[in-house]
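Participant: Which chain is which? The protein sequence lines are A and B, in order.
This note's numbering puts the first residue of the first sequence at 6, with every later residue one more than the last.
This note's numbering puts the first residue of the second sequence at 440, with every later residue one more than the last.
A virtual CB, placed ideally from N, CA and C, is assigned to each residue, including glycine.
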Amino acid sequence: MTLLMMTVNGQAQHLDVPESRTLAQFLRLDLGLTGTKIGCEEAECGICTVLVDGTPVNSCIYPAFKAQGRHIQTIEGLADGETLHPLQREFIRHGAVQCGFCTPGLIMTASALLTENPEPGVEDIKHALKDTYCRCTGYTSVIQAIQSAARDQHGAEPLPVNEPEVDEPMDVISRSVSPQQVVEKVTGKALYTDDITFPGMLFARTLRSPLPHARIRSIHTEQAKKVPGVQAVLTHADVPGENLHGLVYRDWPVLCQDVVRYVGDAVAIVAAESEEIAAEALALIEVDYEPLTVVGDPKFAHSPEAPVLHPNHPTGNLLKHIKVRHGDIEQGFAEADVIIEREYHTPTTEHAFLEPECAIGVPAGFPDHEKLTVYVGSQIPYQDRNQIARAMGLEEEQVRVIGTLIGGGFGGKEDIAGQIHVSMLATVTGRPVKMLYTRQESLIFHPKRHATIIRIKTGAKRDGRLTAVEAELYGDGGAYASLSDKVMTRATTHATGPYYVPHAKIDCYAMYTNNVPSGAFRGFGVTQSAFAVEQNMDQIAAALQIDPIELRRINAQKVGVTTATGQLLRESVGLLETIDDVTRDMRSHHPAPQFQWAWREGHKAFAWGIACAYKNTGLGGGAPDKSEAEVEAYEDGSVQVRTAAADMGQGIAHVVAQCAAEELHIPYDRVRVLLCDTDLTPNGGPTTASRQTFMTGNAARLAASALRDALAQSVAEMFDVPPEQIRYEEGLLRYNGSTVSVGEVVQWMKSNGLEARTRHEYWAPPTQPLGSGGDMHFAFSYATQAALVEVDLETGEILVRKVLSSTDIGRAINPLMLQGQIEGGIVMALGNCLTEQFIIEDGVPWTRLLARYKMPSIKHAPEIVSRLVEHRAAEGPYGAKGVGEIPSINTTPAICNAIYNATGVRVYAIPVDQDALLRAMKAQQDAITTAWSDVR
Amino acid sequence: MKLWNHYHTPQTVDEALALLRQYAGQARIVAGGTDLLIEGRAEQHPPHEALVDITSIPELVTIQQDGDWLVIGAGVTHAQIVKSALVQQAAACLVESCGVVGGPQVRNVATLGGNVAHALPAGDGTVSLVALDAQAEVILNGERRWLPIQDLYLGPAKSRLDPSRDLLLRFRLSRATSGQASAFNRVMRPQGVALPVLGCATWVQLNAERTHYVSARICIAPVGPTPSRAVVAEAVLAGQPVSEDTLRSAVAAAQESLHPRTSKYRATHEYRHELIAVLLRRTLTTAVERACTPAAV
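(1) Below 7 Å CB to CB, which residues in the same chain sit around residue 263(A) once its five sequence neighbours on both sides are set aside?
(2) Could you tell me the distance, in whole angstroms, from the CA atom of residue 480(A) to the CA atom of residue 563(A)?
(3) For the pair the segment 40 to 48 of chain A and the segment 446 to 458 of chain B, tell me if three or more CB-CB distances fall below 8 Å.
(4) Taking 7 Å as the threshold (beta carbon to beta carbon), is residue 710(A) in contact with chain B?
(5) Which whole-angstrom value is the C-beta distance of residue 145(A) and residue 866(A), which I expect to be below 8 Å?
(6) Which residues in chain B have a C-beta closer than 8 Å to the C-beta of residue 51(A)? List them in chain order.
(7) Whole angstroms is fine: what's the gap from residue 700(A)'s alpha carbon to residue 247(A)'s?
(8) Pick helix, strand or coil for residue 710(A), following the three-state DSSP scheme.
(9) Is there a Cβ from chain A that is less than 7 Å from the Cβ of residue 445(B)?
(10) DSSP three-state call for residue 621(B): helix, strand or coil?
(11) Could you tell me the distance, in whole angstroms, from the CA atom of residue 924(A) to the CA atom of residue 706(B)?
(12) Can you tell me where the beta strand (DSSP E) holding residue 613(B) begins and where it ends?
(13) Which residues in the same chain as residue 376(A) place their Cβ atom closer than 6 Å to its Cβ, once the five residues preceding and following it in sequence are excluded?
(14) Among residues of its own chain, excluding the 5 on either side of residue 151(A), which ones have a beta-carbon nearer than 6 Å to its beta-carbon?
(15) With the cut-off set at 7 Å, would you say residue 872(A) and residue 811(A) are in Cβ contact?
(16) Is residue 839(A) close to chain B? Criterion is C-beta to C-beta, closer than 7 Å.
(17) Quick check on residue 573(A): buried or exposed, where buried means 16 or more other Cβ atoms within 10 Å of its Cβ?
(18) Looking at chain B, is there any beta carbon in it that lies within less than 7 Å of the beta carbon of residue 843(A)?
(19) Give the single residue among 51(A), 224(A), 67(A) whose Cα lies nearest to the Cα of residue 31(A).
(20) Please state whether the Cβ-Cβ distance between residue 528(A) and residue 890(A) is less than 7 Å.
(21) Throw me the rounded Cβ distance for the residue 387(A) and residue 407(A) pair, which I believe falls under 8 Å.
(22) Is the CB of residue 638(B) under 7 Å away from at least one CB in chain A?
(23) Cutting at 7 Å between CB atoms, please list the residues of its own chain near residue 469(B), excluding the five before and the five after it.
(24) Since residue 888(A) and residue 823(A) are thought to touch, with beta carbons under 8 Å apart, how far apart are those beta carbons, to the nearest angstrom?
(25) Figure out for me which residue from 664(B), 645(B), 520(B) has the closest Cα to the Cα of residue 655(B).
(26) Taking the alpha-carbon positions, what's the residue 273(A) to residue 554(B) distance?
(27) Please list the residues of the segment 457 to 485 of chain B that have a C-beta atom closer than 7 Å to any C-beta atom in chain A, keeping them in chain order.
(28) So is residue 331(A) buried or exposed if we call it buried at 16+ other beta carbons inside 10 Å?
(29) Helix, strand or coil: which one does DSSP assign to residue 412(A)?
(30) So which residues of chain B does residue 924(A) contact, with C-beta pairs closer than 9 Å?
(31) Looking at the structure shown, is residue 379(A) part of a helix, part of a strand, or coil, going by DSSP?
(32) Can you check DSSP and say which residues form a bridge with residue 213(A)?
(33) Answer yes or no: does any C-beta atom of chain A fall closer than 7 Å to that of residue 717(B)?
(34) For residue 598(B) and residue 347(A), what's the separation of their Cα atoms in angstroms?
(35) Name the residue from 133(A), 524(A), 750(A), 184(A) whose alpha carbon lies nearest to the alpha carbon of residue 253(A).
(36) Return the bridge partner residues of residue 682(A) from the DSSP annotation.
Dropping the structure here:
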């Protein structure tokens, strides 16, 4: 311990701390300033940015003692008391805050920029924030917020908010209210799991398999247990209940017993007085492995030579064969005048949510914790509870899961991470236990987007009408099933694209391999199939010499069309309008009066590319889909909505609050929301499949409308007036010319023994399983996007300059935050196309550092123009359907179509390799079939 | 995970050397730490016993003129270089190369000395220093002396300096005179590690009339295990008229004489071969333009 002195947010600090501290650790652990977040500890993501003597640095690798005697400013020191800094205010106003985990880093980096350059242009902002990542917003709103704050700071009018136009806004619905807890997020007060501590808390680490496939001969933990400060070392033998978990198939060991199936499989867990001690103990656990044949790719997995990875699975390594059969495929191709058959490859990709997984287990009987409690930022708290209970040998009611704020999820926080492990360790030690994954551990551990091989054959008549689609998909499911079954089903059923296709035959093979498991990731399989479908569409258009927009118009799904799974579309199919919007915008954003798809300026080639998409809302496929919410009014006139639906930044919290406020005719700021506490909030179901606005939005809406009726009934009794004469006005109930407040009604109800509380369990319209020919889904969202790319003909470098988008989402509950979903989805999909790949070599991940996984930075962010089409879904809350995934599906093929239009080179594998592109252009080849990972 | 046990911030060179001696090989010199500490994270090796941070030693963190030399302390950050009027005047390519390293947070702590000590053959700062024919002042085996910058490189990520014993103190380069100018450019890929696919720094000296090249220095990297000069192309330029033909000959000579490798997940040799032409053309054109502007000294 050595004395460290510095000034932090204007306060002198003198503390004895270990010299090994980083500045971020000093701030978080020694000073309790948890507003500074740690995302990677590699100086890569920039979210830990603080100012040292006014200069932004990455505090995660900045030695604390390097800051000896200096002035530090953190997010907590930015506001002037209760008055927010202009950046904080403008980030809120422009909707630049979603999950909020990167927000402190963005704001601190921007604050240094504004000090140096009070009127930054877009390029200045991109330069300054190049290495401060945000995975949610897509940066457009961030740039807008910073420019607005700059104006505000020097006395100019802040910029107007760039809200999309919407139809028929109501009192609260279709209004851009601020998200819940947004002030906490911009001031650093918001608590994520790692920001929470308990007295006597232990720190846990996991020993993971270094081999992709091996038999475990023995595990010896004796040496590890002897390390002073180690409180528990547990293995498979210590799992009290069933040593398996899994969302669809229970095939994933809590702790591996006889075999490990991927690099990262958990073998042992340690709880110790500090994270360092736990790490030291891990190194002393001896595991004797016998390496086994590695199943490194899905095609090998399907071959008879491959070892069977899950002997109990009835179809061996074939996790699931998914089939779509529609019409007569032979007839379809016989009718075709042109047939295009191509093979596409998509890689494994990583969510890279900026908050690594963290869970805290608190044992039953710990102060204020009656039962075993797990704090975790999870997308599916009730399923966590179920899986914890099974593994712990407990009843579900003996376990409580409390959802914390989530620093991004995107599908990557659906599976169990440390929830069961901390339950075991907390129970054994009788102390709270925190397990925070390092970024590097998070990278190798959690399920990814499926790598796929997609062969697709499309037939069309001379007039442009599609006649048939035949496709074969291989999906790399990795070591455990996770959501592979569902994800690859979605890839399969969406493999016709959003078009009328009379004949289809689609086969998908989801395979077990020894790669990192694959699971849910925004777009859920459809992102992969759209890459193939939409490029085949452009090739059909070229072959028929039909404009690619026209080809899509000819075939676009509309009301009255039957999909390839046999679903008659009866309503809310806004695809044609989205095509029209984007076509119009493409022409108005074109730099010349005469539109052309491609042109050249010097050594730069420019071109537009277009692609369409659709995506189901809700689980569908016959799965029972329900959500429950509870609404309660209080004596002070406020209302609370309670439901276990996860808000990972996408904003379900404000959606349910808006529904409640609308129904109860009260101001939005009178509604509070409690999410994800399995003891206090009813089950909202999984936060997946773009379902929460539809499902839990409906549950909250209907619970609130029941409460409104109950309040009116009480007023009727209080004042002896007929309920139909009672009107709601701004938090008041009006009757016979008098008014009474909601709070007063609640007081009356309580004094009369009535509860001002209602619950509603909302059941989605029933759906049918694939193959039954009925409605597989109760709603679809639609989108069209155009991308303008610039290709450097000398270097092959690709820049996406603009993305124009139009999305049919039924209704925008919150237009500004919905636009944030679209912008964020587009930029994430741009990464899918151009920058991202999680590389695994024979089962061994190469991408073990965030420094090896580039996601789009602000430098990549294109200008985005997004429009909304609101074809109401009759069952949706106020007509809304899902938006979470639809924007991240067609950006990739739009960019690839643009690259083809610019260069004449068709891209069959992503992420696009500029090296291969340049070589193809030089050699006058019209295709690249290799990706970046093939450069070796 | 702990990356070091003890952290020292000596105020003088002697103090730093004394610390290194005291830890007898168990201490490491550190400046910004952006390479060293991330490497520690990546390789998960045990923590360094001690880090000796040289950025509190005044003479190592300043940029100054010394007669005909421009002297840059090894602990000078990339951000300092980018903002320095002295460097802008003497070495535009160094400003350009230091301006593209990392993001602002990294440039605010990462140092030019660290870039060189890390010994990557295509470190952006390195490429420009080689084209500028810079020298480095070091304490090597206890002896203080000036060495040509290239002498510090033994192989990829292998420096002649032992970070537990030796010190990199300062760099010096000739101040630009009339008709001299430089330029840097590089090509990255948006995937994988943030190392350049190819970088190129070019320095030219034109005659008084600005019609002919007097001499040129070119560093294109990586084309070998250590940074090197494209001497064949340089020779093609010397004494020749400033023209498209000369440029074309220099480009051809560079492409013919340099043999970049394919590096996994970064670039194929064919791609790099193409980029040699692109980057040399671009930097040479810019450097000549700069040398011809009246403002150029």
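Facilitator: Short version:
(1) Sequence-distant partners of residue 263(A) (beyond 5 residues in either direction) whose C-beta falls short of 7 Å from its own C-beta, in its chain, are 220, 221.
(2) Rounded to the nearest angstrom, the two C-alpha atoms are 30 Å apart.
(3) A contact is defined here as three or more CB-CB pairs under 8 Å, and the segment 40 to 48 of chain A fails this definition with respect to the segment 446 to 458 of chain B.
(4) No, no contact with chain B.
(5) Indeed, because the Cβ distance is near 6 Å, the residues count as touching under 8 Å.
(6) By Cβ distance, chain B contributes 542, 544.
(7) Residue 700(A) and residue 247(A) have their C-alpha atoms roughly 32 Å apart.
(8) Judged by DSSP in its simplified three-state form, residue 710(A) adopts helix.
(9) Cβ-Cβ to chain A under 7 Å: yes for residue 445(B).
(10) For residue 621(B), the secondary structure class from DSSP, reduced to helix, strand or coil, is strand.
(11) Computed Cα separation, rounded: 11 Å.
(12) Looking at the DSSP string, the run of the beta strand (DSSP E) that includes residue 613(B) is 606 to 613.
(13) Apart from sequence neighbours up to five positions away, the residues of its chain that approach residue 376(A) with a beta-carbon distance below 6 Å are 369, 403, 405, ordered along the chain.
(14) Cβ neighbours of residue 151(A) beyond the five flanking positions: 115, 130.
(15) Cβ atoms of residue 872(A) and residue 811(A): closer than 7 Å.
(16) Cβ-Cβ to chain B under 7 Å: yes for residue 839(A).
(17) Under this definition residue 573(A) is an exposed residue.
(18) For residue 843(A), the answer is no, since every Cβ of chain B falls outside 7 Å of its Cβ.
(19) If we check each option's Cα against that of residue 31(A), 67(A) comes out closest.
(20) Yes, Cβ-Cβ distance for residue 528(A) and residue 890(A) is below 7 Å.
(21) Not really, about 12 Å apart at Cβ, beyond 8 Å.
(22) For residue 638(B), the answer is no, since every Cβ of chain A falls outside 7 Å of its Cβ.
(23) Excluding residues within five positions, the ones whose Cβ falls inside 7 Å are 475, 490, 491, 492.
(24) The C-beta separation of residue 888(A) from residue 823(A) comes to about 6 Å, placing the pair in contact by the 8 Å criterion.
(25) When only C-alpha atoms are compared, the closest one is 645(B).
(26) Taking the straight line joining both Cα atoms gives about 40 Å.
(27) Listed by position along the chain: 472, 473, 476, 477, 480, 481.
(28) Buried: at least 16 other Cβ atoms inside 10 Å.
(29) It is coil, neither helix nor strand.
(30) Residues of chain B whose Cβ lies closer than 9 Å to the Cβ of residue 924(A) are, in chain order, 707, 709, 710, 713.
(31) In the three-state DSSP reduction, residue 379(A) falls in the strand class (E or B).
(32) Beta-bridge pairing links residue 213(A) to 271(A).
(33) The beta-carbon of residue 717(B) is placed less than 7 Å from the nearest beta-carbon of chain A.
(34) Distance from the CA atom of residue 598(B) to the CA atom of residue 347(A), rounded to whole angstroms, is 49 Å.
(35) Taking residue 253(A) as reference, the option from 133(A), 524(A), 750(A), 184(A) with the minimal CA-CA separation is 524(A).
(36) 407(A), per the DSSP bridge assignment.
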